[in-house]
Amino acid sequence: MNMLSRRGFLAASAAAIGAAHLPRIAFAQGVAPISLSAATRTLDIDGRAATVFGLAGPGGQGLILDPGQRFRVDLTNDLDVGTIIHWHGQIPPNAQDGVPDMPMPLLAPGETRSYDFEARPGTHWMHSHVPTQEMQLLAAPLIVRSAEDVAADRQDVVMFLHDFSFKAPEEVLAEIGAGHGGGHGAGHGAGALPDQGAPMGGMGAMQGMDHGAMGHGATGGMPMGNMPGMGGMMGMGGQMGGMAMDLNDYDWDAYLANDRTLSDPEVVRVERGGRIRLRVINAAAATVFWIDTGAAEARLVAVDGHAVQPIAGSRFGLAMGQRLDIEIDLPNEGGAWPIIALREGARERTGLILATQGAEVQRLDAVAESEAPAFDTDLAQEARLVALNALPDRPVDRSQMLMLGGSMQPYLWTINGAVWGQHQPITARSGERVVLSFHNMSMMAHPMHLHGHVFQVVGLNGRRVAGALRDTVHVPPMSRVDVALDAGEAARWMLHCHHMPHLASGMMTEFAVTASV
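Here the sequence shown stands for residues -28 to -1, 1 to 489, numbered as in mature numbering (1 follows the signal peptide of the UniProt record, and there is no 0).
Rendered as structure tokens:
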């Protein structure tokens, strides 16, 4: 089997994973910016042609930057519709953040827009901030290598995950809203996707709740208490106190790793005794994955582009928008090592294969023998993560509770009882230490993403932790996650659920930062 995808993951792209060393884009500082285009492309998905969107850099889908290289990009919209790209994991000036009308409008067809900011090292990605376009695969890896990466001399392998439907995104959203999306879990029922002006109900009584003063320090000093009924209620089968979680709300036609299914997976050529850095990016619209390295010895070393104390293991999970960096040390003998992404609460799977020259690569079934469990319902994985470079300890200036609510019937998802357009901004002043508490009172998990900031997980179901640095945190049903951050540029920053049908139905608010006094 050819180690390179026949669908265009070429040697210089962010998913170019066949070479022993990740190729670099040869642009000197101060010379020409990198050209990036949003355009259509055609994939072969299990023998069926699919026209999707993509982000093409100099050598294929995605971008790779060298240590110290600025993000200097000219983005051209070669689509026939307006679009805008968000640089997920980066902290650009607010005007370059890539959210429609916050403050820049969509790029019109044929328009080019320039970006120039300091790139943050790590495994990141870029995607349209129009939910239906992200569902059409308008996304790609954005890898920024550090000097430490170069010194480590590990072979970079990117695993870019998607869920995919041959149906138009609007049809998918309509089916989900009407309760006909398939999926797993209880609570599916009739209803329609609300427009952004739909009246709110359900969680409105909780709007404006605050948990008061939260003490001092990046890791808390917070009087969070034991929060009765919150922790330890989840079972591995997606049950909570006898109630079934809603794990998945749509059965997609395919699950992709680097644009391919397991009927024709990417085969990455590796050396005997090879040292690998696997960069996993969950770009799926609505699917949480477990990453299973099987017989390959592995350890988790970073999440969302930020180093953590290494954790040995063979199975790690990630929600939509999140990233994992996993180091793998292969044995000295030749062979093939499948790296599998399993859909939570289901049997579908995708993945790629690491293989030495001449190794036999066996066919893998796209459906596992048994269902994968729900992801991190008790926050056990999150609790094991410890940042290597924690936020500095300082007093907390402001704390805010965000109530995450909603249901499958009607299909309605809210923050503090409101959808976008009826929301009350979460406010702070630039430079303040802020603690945000995400309290999920729904039966579906929510990956919460904050633009323009890095935060540290400091509380899990009332227990103080010195957790990972992140930009996207998974909040299971009936759980609370507290994060600390230092408010940045005075501007309007998007704060939303990264489950695309939830986002499309209005599950977003804004973190409104004003200038310090």
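A virtual CB, placed ideally from N, CA and C, is assigned to each residue, including glycine.
message: Between which two residues does the alpha helix (DSSP H) holding residue 122 run?
response: 119 to 124
message: Within 10 Å of its beta-carbon, does residue 68 have 16 or more other beta-carbons around it, so buried, or fewer, so exposed?
response: buried
- prompt: How many Å lie between residue 490 and residue 41 at the Cα?
  reply: Summary: the structure shown does not reach residue 490, with the chain confined to residues -28 through 489, and so no result is reported for it.
- prompt: DSSP on residue 318, reduced to helix/strand/coil?
  reply: coil
- request: Give the straight-line distance between the Cα atoms of residue 47 and residue 100, rounded to the nearest whole angstrom.
  value: 12 Å
message: I need the DSSP call for residue 66, collapsed to helix, strand or coil.
response: helix
Beta-carbon contacts of residue 442 that lie in its chain and below 8 Å, excluding the five residues immediately before and after: 275, 276, 278, 294, 426, 427, 428, 429 and 455
message: Cutting at 6 Å between CB atoms, please list the residues of its own chain near residue 268, excluding the five before and the five after it.
response: 300 and 309
- request: Look up residue 76 in the DSSP assignment and say whether it is helix, strand or coil.
  value: coil
Uninterrupted beta strand (DSSP E) stretches inside the region 422 to 458 (no shorter than 3 residues): 427 to 432, 444 to 447 and 451 to 458
query: Contact check, residue 472 vs residue 423 under 8 Å by CB: the rounded distance?
result: 16 Å between Cβ atoms; not a contact.
- prompt: Between residue 331 and the ligand PLP, is the CB less than 7 Å from at least one heavy atom?
  reply: Here there are no bound small molecules, and the ligand PLP is not part of this structure.
task: Note down, in chain order, each residue of its chain lying with its Cβ closer than 8 Å to the Cβ of residue 486, except the 5 sequence neighbours on either side.
output: 399, 400, 401, 402 and 462
message: Please give the ranges of any beta strand (DSSP E) in the region 285 to 362, keeping only runs that are unbroken, at least 3 residues long and fully inside the region.
response: 287 to 290, 295 to 301, 308 to 315 and 321 to 327
message: In the DSSP assignment, the alpha helix (DSSP H) including residue 474 goes from what residue to what residue?
response: 472 to 476
Chain-order list of residues whose beta-carbon lies under 6 Å from that of residue 282 (same chain, five-residue window excluded): 271 and 273
task: Measure the C-alpha to C-alpha separation of residue 64 and residue 254 and round it to an integer number of angstroms.
output: 21 Å
query: residue 315 and residue 259: beta carbons closer than 8 Å?
result: yes
- request: Starting from the C-beta of residue 83, find all residues in its chain whose C-beta is less than 6 Å away, skip the five residues before and the five after it, and write them out in chain order.
  value: 49
- prompt: In terms of residue numbering, what span does the alpha helix (DSSP H) encompassing residue 148 cover?
  reply: 141 to 149
query: DSSP on residue 173, reduced to helix/strand/coil?
result: Confidence at residue 173 is low in this model, with a pLDDT of 28, below 50, so its placement is unreliable and the value that follows should be read with caution. Residue 173: coil per DSSP, three-state reduction.
query: Between the region 127 to 145 and the region 216 to 233, do at least 3 Cβ pairs fall closer than 8 Å?
result: yes
message: Between the alpha carbons of residue 76 and residue 102, how many angstroms are there, rounded?
response: 13 Å
Minimum C-alpha distance to residue 92 - residue among 129, 44, 322 and 147: 44
task: Can you grab the Cα-Cα spacing for the pair residue 71 / residue 244, in whole Å?
output: 45 Å
query: Based on Cα-Cα distance, which residue from 356, 229 and 417 lies nearest to residue 18?
result: 229
Run of the beta strand (DSSP E) containing residue 269, from where it starts to where it stops: 269 to 275
- prompt: What do you get for residue 320, buried or exposed, if any count of 16 or more other CB atoms within 10 angstroms of its CB means buried?
  reply: buried
message: Taking its Cβ as the centre, do 16 or more other Cβ atoms sit within 10 Å of residue 94, making it buried, or is it exposed?
response: buried
- prompt: Do residue 344 and residue 292 have their CB atoms nearer than 8 Å?
  reply: no
query: Should residue 326 and residue 312 be called a contact, given that it needs their Cβ atoms to be closer than 8 Å?
result: no
query: Is the beta carbon of residue 54 less than 8 Å from the beta carbon of residue 78?
result: yes
query: From residue 404 to residue 436, what distance separates their C-alpha atoms?
result: 20 Å
query: Are the beta-carbon atoms belonging to residue 25 and residue 12 less than 8 Å from one another?
result: yes
- request: Tell me, to the nearest whole angstrom, how far the beta carbon of residue 131 is from that of residue 252; I am working on the premise that it is less than 8 Å.
  value: 5 Å
field: Whole-Å CB distance - residue 391 paired with residue 420, under 8 Å assumed
entry: Not confirmed; about 15 Å, so no contact.
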